[in-house]
Amino acid sequence: MEQRQQLSNELVMEYYYDKLQLCLQADSTMSSAMIIHYLTKGLNPLLVPYVVRRHPSTPAEFLLIAQDEEKIQQMLQGLTQSTIRSHDDDSNDKDPIDEMVALVKRPTYTNPRSF
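Be aware that the sequence shown starts at 17, since it is given in our numbering, and climbs by one per residue.
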């Protein structure tokens, strides 16, 4: 039970139900606090700080919090990946901003009065 860690490609929900079953097999009267402790101990390290900050009081609340954070992490990872792909796709294209800058010329002022 203590050695069970969330795998890198494993969803929080899959990890949660497997670890919960292991906890209850080890002690069918295990308290919610202990179950949460063991769930946190094997959770993906990227998710742990976010779950701990929200102080889940039940295993079900732990699952909801961890799933919420998992979705956020997946969304951020998707945004990062699409940004990287976008830059790679456009690497041979001219930057439209550079073209606009080239169109804007700095005005030159001549002082009609020479000293």
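Just so it is clear, CB atoms sit at the ideal spot from N, CA and C, and this is done for glycine as well.
Exercise for the section: Take residue 19 as the anchor and find which of 78, 26, 39, 25 has the nearest alpha-carbon. Expected result: 39
Practice task
Please go through the same chain and pick out, in chain order, the residues whose beta-carbon is closer than 7 angstroms to the beta-carbon of residue 72, but skip the five residues on each side of it.
Solution key: 52, 78, 81
Handout entry: Length of the line joining the Cα atoms of residue 85 and residue 36
Key = 19 angstroms
Practice task
Return helix, strand or coil for residue 10, following the three-state DSSP convention.
Solution key: Not covered by the structure: residue 10. The range shown for the chain is 17 to 131.
Practice task
List the endpoints of the continuous alpha helix (DSSP H) containing residue 65.
Solution key: 64-69
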